[in-house]
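Below you'll find the structure, written out as structure tokens, and then a few comments.
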Amino acid sequence: MDSYKYKYRPEPYRIKMVEPMRIPTREQREEAIKRAGYNTFLLNSEDVYIDLLTDSGTNAMSDNQWAGLMLGDEAYAGSKNFKHLEEAVRDLYGFKYVVPTHQGRGAENILSKIMIKPGDYVPGNMYFTTTRAHQELAGATFRDVIIDEAHDPENEHPFKGNVDLAKLQALIDEVGPERIPYISLAVTVNMAGGQPVSMANLKAVYELAQKYGIKVMFDATRCVENACFIKHREPGYENKTIREILREMFSYADGCTMSGKKDGIVNIGGFLALNDQELYQKATALVVVYEGMPSYGGMSGRDMEALARGLYEAADYDFVAHRLDQVRYLGEKLLEAGIPIVKPIGGHAVFLDARRFYPHIPQDEFPAQMLAAQIYLESGVRTMERGIISAGRDAQGNHYYPKLELVRLTIPRRVYTYAHFDYVVDAVQAAWNNRQNVKGLRFVYEPPVLRFFTARFEPIQ
Ligand code: F0G
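So the sequence shown is numbered by the working numbering: it starts at 21 and just counts up by one.
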């Protein structure tokens with residue numbers, strides 16, 4: 021849209037069906053957050069007004085996708101919808117083989133199991149919770165090789181998801197290439213704030229990896245957002261289409277895992293894509309154990325059809341540019357209100373810097389966890405912690421202490437309007453105004469793995 025001249029980019033869709041929602045009263049919210057053990061993951065959806073917990077599986081499908089659901093071929097084997105999904109992945113991303121899975125972590129499980137041996141190292145551009153959990157369960161040690169700028173919420177580097185090649189080289193020198201089965205490269209980087217990786221960096225990582233015979237596996241979960249950032253920010257790409265950029269990005273990878281619940285614009289689904297036939301064979305041998313036949317892998321035929329169509333819709337510039345603009349609108353309004361957020365504003369979410377909200381709360385009293393609870397109390401808006409609770413504990417049982425202690429306001433695709441974001445800004449502003457009166461939290465229950473999903477807390481008096 022070269023002639024773009026609006027105050028903000030208007031929606032490239034209109035609304036055909038609505039889902040009513042309401043703002044719970046202050047009393048209801050106090051009751052609900054206590055019942056949820058101060059963990060927004062444990063709130064009932066009915067107790068939430070605007071739900072910014074995640075952009076995962078919370079997307080609005082198009083009429084075209086809903087129509088696709090009616091064409092589900094629910095054969096146990098050889099569903100035609102699988103063929104459509106396979107064609108879409110080949111056409112848009114350029115991989116030869118597609119293994120469908122019930123969602124992204126299903127693909128992560130299979131990839132980790134077929135590639136990692138105990139004692140291996142997997143470098144990545146910052147960890148993601150489920151990705152690292154599967155790598156560790158398969159016996160690997162994760163090593164963060166993202167650029168230092170990514171750990172600084174104030175730094176405005178345009179490609180904060182980039183790999184620091186010197187860190188990657190240092191790991192190769194330290195442990196040897198034979199103990200690095202693959203590099204795990206997220207495009208964009210969720211935990212860094214939805215930050216993209218530049219094309220130049222993807223290419224450089226691939227070249228370095230090839231020199232040592234190490235494979236590169238993308239976490240393609242938000243690859244379309246990454247492609248749009250490249251178009252907007254990287255010289256030489258301004259006139260390329262999203263599809264052209266995607267094809268070039270994936271030419272620097274040997275395979276990918278994908279959570280279709282994000283840039284696939286569906287509510288469930290995912291896949292593992294590969295070029296190597298031997299790896300593909302190993303993956304199909306495991307998918308039948310953990311997911312289902314290689315032609316459905318945990319999805320129904322209709323789900324695969326919706327995902328195939330969603331992948332095409334997401335690769336359209338009007339869709340993704342509007343999405344990035346919605347996120348930017350929310351972020352810029354918060355900045356205008358003086359709220360500390362991670363900069364630059366990312367692709368799928370705005371991240372609040374909880375350290376600067378609550379400098380008086382030490383990290384092991386969980387400032388971001390408390391901030392998410394406070395925003396809910398103020399407004400009924402649900403957000404999520406992305407700090408020390410999400411980071412979990414190391415093998416010795418000590419907390420990981422991530423530099424970033426954040427609260428994520430995650431924007432579902434095609435669901436909310438700009439007016440909703442104005443309400444969210446007021447909600448965060450209310451929490452900001454009350455920041456001096458807030459204390460930390462302590463655990464009442466802590467699960468052993470991926471603790472953020474089900475942990476319970478109580479306020480420290
Ligand atoms: N990789 C990234 C970068 C993700 O953000 C997610 C999920 C996954 C992999 C796993 O995919 O949920 O389909 O199994 N992220 C969600 C979130 C949960 O809220 O950020 P999944």
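Glycine included, C-beta positions come from ideal geometry on N, C-alpha and C.
Taking only the alpha-carbon atoms, compute the straight-line gap between V308 and K302 and give it to the nearest angstrom.
11 Å
What is the DSSP secondary structure of R471, counted as helix, strand or coil?
Residue state, collapsed to three classes: helix.
Would the beta-carbon of N295 fall within 8 Å of that of K27?
No; because the gap between Cβ atoms is not below 8 Å, this pair is not in contact.
What separation, rounded to the nearest whole angstrom, lies between the Cα atoms of P468 and A293?
31 Å
Using only CA atoms, which one of G256, T74, G88 lies nearest to E333?
Nearest of G256, T74, G88 to E333, Cα basis: G88.
Cβ of K281 versus every heavy atom of the ligand F0G: is any distance shorter than 7 Å?
yes
In terms of alpha-carbon separation, which member of N221, V458, A240 lies closest to L397?
V458
Do the CB positions of N145 and A240 come within less than 8 Å of each other?
no
Reducing DSSP to helix, strand and coil, say where D75 ends up.
D75 falls in the coil class under three-state DSSP.
For a quick check, are the C-beta atoms of Y310 and I130 less than 8 Å apart?
It is a contact, given that the beta carbons lie within the stated cut-off.
Looking at the ligand F0G, does it come within less than 7 Å of A206, judged from the CB to the closest heavy atom?
Relative to the non-hydrogen atoms of the ligand F0G, the Cβ of A206 comes within a distance shorter than 7 Å of at least one.
Rounding to the nearest angstrom, what Cα-Cα distance links L191 and Q155 in this structure?
17 Å
Taking only runs of the alpha helix (DSSP H) that begin and end inside the segment 331 to 399, which ones reach a length of at least 4 residues, in chain order?
You should have 337 to 356, 374 to 377, 387 to 399.
Counting pairs of Cβ atoms below 8 Å between the segment 393 to 410 and the segment 445 to 455, do you hit three or more?
yes
Smallest Cα separation from S483: which of M135, R152, D75?
The chain is shown from 21 up to 481; residue 483 falls before or after that span and cannot be answered.
With a threshold of 8 Å, are at least 3 pairs of Cβ atoms found where one atom belongs to the segment 213 to 220 and the other to the segment 244 to 257?
yes
Where does the unbroken alpha helix (DSSP H) through D446 begin, and where does it stop?
438 to 453
What did DSSP end up calling G290 once you bin it into helix, strand or coil?
Note: G290 maps to strand in three-state DSSP.
Cα separation between D384 and D67?
If you take the alpha carbons of D384 and D67, they lie about 28 Å apart.
Give the secondary structure of E478 by DSSP, where H, G and I count as helix, E and B as strand, and everything else as coil.
Three-state result, E478: strand.
Per DSSP, what kind of secondary structure is K459 in: helix, strand or coil?
coil
Is the beta carbon of G139 closer than 8 Å to that of G159?
yes
Measure the C-alpha to C-alpha separation of V142 and M37 and round it to an integer number of angstroms.
45 Å
With 16 other CB atoms within 10 Å as the buried threshold, where does M269 fall?
buried
Under DSSP, the beta strand (DSSP E) around K235 begins and ends at which residues?
235 to 239
Grab the span of the alpha helix (DSSP H) containing G88 for me, first residue to last.
G88 -> alpha helix (DSSP H) spans 83 to 89.
Does DSSP classify E254 as helix, strand or coil?
coil
What did DSSP end up calling M21 once you bin it into helix, strand or coil?
Here M21 scores only 48 on pLDDT, less than 50, and its place in the model should not be relied on; the value that follows carries that caveat. DSSP places M21 in coil when its eight states are reduced to three.
Answer yes or no: the CB of N246 versus the heavy atoms of the ligand F0G, is any distance below 7 Å?
no
Checking 8 Å against the spacing of the C-beta atoms, do D283 and R242 come in under that value?
yes
From L188, D164, V236, pick the residue whose C-alpha is nearest to that of M211; which is it?
D164
For the putative contact between L72 and L429, defined by C-beta atoms under 8 Å, what is the C-beta separation to the nearest angstrom?
5 Å
Go ahead and pull the three-state DSSP assignment for L185.
helix
Any heavy atom of the ligand F0G closer than 7 Å to the Cβ of N182?
Checking the 7 Å criterion, the Cβ of N182 is out of range of every heavy atom belonging to the ligand F0G.
Out of P178, T208, Y378, F162, state which residue places its alpha-carbon closest to the alpha-carbon of L188.
Between L188 and the set P178, T208, Y378, F162, the nearest pair of CA atoms involves F162.
Note down the Cα distance separating G312 from N101, rounded to an integer number of angstroms.
When rounded, the separation of the alpha-carbon atoms in G312 and N101 is 15 Å.
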